[in-house]
Every structure is written in structure tokens, then in C-alpha cells.
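K.L.:
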Amino acid sequence: MPAQGEAGFGDPGEGTEAGGYRGRREEARMRDADPGLFGPDSVTWQLHGDPVMWIAGVRALYLQALHPRAVRGVTQNSDFRRDAWGRLMRTASFVGEITYGTTLAAERAGARIRGIHRRLSAVDPDTGERYGVDDPDLLLWVHCAEIASYLHVARRSGYPLTDAHADAYVDEQREAARLVGLDPADVPADADELERYFGKVLPELAAAPEAFEVVRFLKAPPVPRLLLPARIALWQTVADTAFATLPEFAHELYGRTPPSPAATTRRLRTRAGLMRAIPAMVRWQLPPGHILKAVGRLGPGTHPSPRRLPAAPATVLP
Numbered sequence: 001m002p003a004q005g006e007a008g009f010g011d012p013g014e015g016t017e018a019g020g021y022r023g024r025r026e027e028a029r030m031r032d033a034d035p036g037l038f039g040p041d042s043v044t045w046q047l048h049g050d051p052v053m054w055i056a057g058v059r060a061l062y063l064q065a066l067h068p069r070a071v072r073g074v075t076q077n078s079d080f081r082r083d084a085w086g087r088l089m090r091t092a093s094f095v096g097e098i099t100y101g102t103t104l105a106a107e108r109a110g111a112r113i114r115g116i117h118r119r120l121s122a123v124d125p126d127t128g129e130r131y132g133v134d135d136p137d138l139l140l141w142v143h144c145a146e147i148a149s150y151l152h153v154a155r156r157s158g159y160p161l162t163d164a165h166a167d168a169y170v171d172e173q174r175e176a177a178r179l180v181g182l183d184p185a186d187v188p189a190d191a192d193e194l195e196r197y198f199g200k201v202l203p204e205l206a207a208a209p210e211a212f213e214v215v216r217f218l219k220a221p222p223v224p225r226l227l228l229p230a231r232i233a234l235w236q237t238v239a240d241t242a243f244a245t246l247p248e249f250a251h252e253l254y255g256r257t258p259p260s261p262a263a264t265t266r267r268l269r270t271r272a273g274l275m276r277a278i279p280a281m282v283r284w285q286l287p288p289g290h291i292l293k294a295v296g297r298l299g300p301g302t303h304p305s306p307r308r309l310p311a312a313p314a315t316v317l318p
């Protein structure tokens, strides 16, 4: 019996001799297709297909904003005030492209991001220092805040990741770090290293004025008047749930009292359950459609699902 959302992929033409030939030819083509940087055997492939990643992605933005130098790189260079949805969708599209696209598409996306970062700089308002947004320390912070958020929200929402899966995911994501310009050897390779990184970087974090600007934007991004009810009904719950899942130190830096962990977990699992109740084939129709393109390239047995998490995750990088 197919899992939820699987039936819509259909069968490649069985039942006739000609159909059987076409089916075998299609299977051969799919076996030779490029799985991309991660492929269906990775934790990344399965995890990034879960809709709770939208909540995790917003949490990552709240967390990333707590590094003053990093957040100034955004506010001094970005059009996020005027193009809220565009920025969010471009970020989601980049993650989707490097996860589900071909190797060439992922490498091109990385080269595009590196090229943009090379041209951008920010100024420290206190010292007047100008620095590049491609500073490795800043890139590392953005990467680690993102990966930690994905892991935390997924596991807390009930997604069935074991400790081995978590370690494999952190290791796999060193490929994503390489794409944005980091040396994979300098990037945490497992969950313990990721946790130690946060202990090391904590003294550098603070809620600068720009961080509160990002919070205001994320909680109520500008939308056309006709879409205000949808923003209140849909987006606000995502944004508020994402903020609630932040670590205790982040709430304290933002000057907020951390919410009850148990209440936050219940709230997150309720939201995640509602999101997961939407059939996968409906969710995957939304642009830019990276998952559907990947399944079309590699075959119907490759769509992401927690049921397909690898039993023994492999190490990606030495």
C-alpha cells in the first residue's frame, strides 16, 4: 500500500509488451540519472521534504539575527523590508535546489550565492569597520544556526530522527556549507560538535536593534491589504511557533521570558500535524517544485518520506 501522497506518481506503463519495454527503458534511464549532492539515500533528502521545515526555517532566521555582524549584513544589503515573501521564497528555493536538484544545478546555485556575497559588505556602526558578508565566521554562524534549527524543530515536532540520523545530517550538511564558501573541515561534523560550536560563539551574540527589526518583519511581513486575514490566520501561527522554539539563551537575549517547554512542544506538534495532514502531492505542487522534478528524474520510489530514512546513515565527508 502506498504511503500518503504516493499514489499520484502512477506506474510507468505496465500491462502491454510495448508498455513493459517503455517501463524497462524508463527504469534504466532513472538508474543512470544524477541524484545530486545528497540523493535519496541521505537524511537530508528525507528531512527537507517535511513541511515542518517552514517553521524550522523561520526559527533559523530569528536565531541568525542574534549575531550583530551577521544581521547587519542582511539589513544593510537586503530588500527584505519591501520584498518579504520574495526573500523567504528565494531562501527556500536555494535549499530545495541544492537538496533535490542535479549536481550541476546545486554547484551553480552555490556559485551564484558566493558571487553575491563577494560583492556585499556591511559597516559596524560603532567602529566604522567595513567587513565582507562572506567572512567565514559569519558564514559559519549562519550555517550552524540553520542546521541546528532544522534538527531541533524536526525532532521536537515528532519527526523520527535517531541520534545517528542527526549526526549524519550534520555531516551531510557540510556539503551545503562548502557551496556557500566554507571549508568543510572547519564545519561541525556531528551533533556534539554543533552543540560545542554554540557554546563557543555565545559570547559574540546580542540582540542589536537590527535583530528586533528582523523579528518585527518575520512576525508581520508586509502583504497586500487583501492578504491580511491570511497573514493573521496562517503566517502568524508559523512565526509565533518558530519563535517559541528558540533556545533559552535566545529568548533571554531578546528580553523575553522563555515559554513553557512542554506547552511549546504541544503547540509545535499540533502545527506540524496540521501541516503534515496536507497530502504530499498537494504540497509538492507549490513552486518551485524541486521535489517533483527530482522524483521525475529519479523515479517514484525516491520521493522524501520519514519511512525512507536510512537504517544506517553513511558519512559523507572524511
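full-length UniProt numbering puts the sequence shown at residues 1 to 318.
Idealized CB from N, CA, C, for every residue including glycine.
1) Rounded to whole angstroms, what is the Cα-Cα separation between Ala-294 and Ala-211?
2) How far does the alpha helix (DSSP H) with Ser-149 in it reach, from first residue to last?
3) Please report how far the alpha carbon of Asp-34 lies from the alpha carbon of Pro-40, in whole angstroms.
4) Quick check: the Cα distance between Val-43 and Asp-126, rounded to an integer number of angstroms?
5) Spatial neighbours of Ala-55 within its chain, please: C-beta separation below 6 Å, excluding the five flanking residues on both sides.
6) How long is the line joining the alpha carbons of Asp-183 and Gln-173, rounded to whole angstroms?
7) Checking 9 Å against the spacing of the C-beta atoms, do His-48 and Thr-99 come in under that value?
8) Closest to residue 349 by C-alpha separation, out of Arg-256, Phe-249, Thr-245, would be which residue?
9) Just verifying my parser: in three-state terms, what is the DSSP assignment at Ala-122?
10) In terms of alpha-carbon separation, which member of Val-71, Leu-63, Gln-46, Gly-301 lies closest to Asp-135?
11) Taking the alpha helix (DSSP H) that Arg-130 belongs to, which residues open and close that run?
12) Let's test the definition: count the other Cβ atoms within 10 Å of the Cβ of Ile-278 and tell me whether it reaches 16, buried, or not, exposed.
13) In whole angstroms, what separates the C-alpha of Tyr-21 from that of Ser-305?
14) May I have the straight-line CA-CA distance separating Thr-162 from Ser-149, to the nearest angstrom?
P.N.:
This is what the structure gives:
1) Those two C-alpha atoms are separated by around 36 Å.
2) The continuous alpha helix (DSSP H) containing Ser-149 extends over residues 136-156.
3) Distance between the alpha carbons of Asp-34 and Pro-40: 11 Å.
4) The straight-line gap from Cα to Cα measures roughly 43 Å.
5) It should be pointed out that residue 55 corresponds to Ile in this sequence rather than to Ala. The residues Val-153, Val-238, Thr-241, Ala-242, in chain order, have a CB closer than 6 Å to that of Ile-55 in the same chain once the five nearest residues on each side in sequence are set aside.
6) C-alpha separation (whole angstroms): 12 Å.
7) Yes; because the gap between Cβ atoms is below 9 Å, this pair is in contact.
8) Limits of the chain in this structure are 1 at one end and 318 at the other, which puts residue 349 out of reach.
9) For Ala-122, the three-state secondary structure derived from DSSP is strand.
10) Comparing alpha-carbon positions, the option among Val-71, Leu-63, Gln-46, Gly-301 lying closest to Asp-135 turns out to be Val-71.
11) Element bounds for Arg-130: not the alpha helix (DSSP H) but the beta strand (DSSP E), 130-132.
12) In this structure Ile-278 is exposed. Its beta-carbon is surrounded by fewer than 16 other beta-carbon atoms within 10 angstroms.
13) Here Tyr-21 scores only 46 on pLDDT, less than 50, and its place in the model is too uncertain to base an answer on.
14) For Thr-162 and Ser-149, the distance between alpha carbons rounds to 16 Å.
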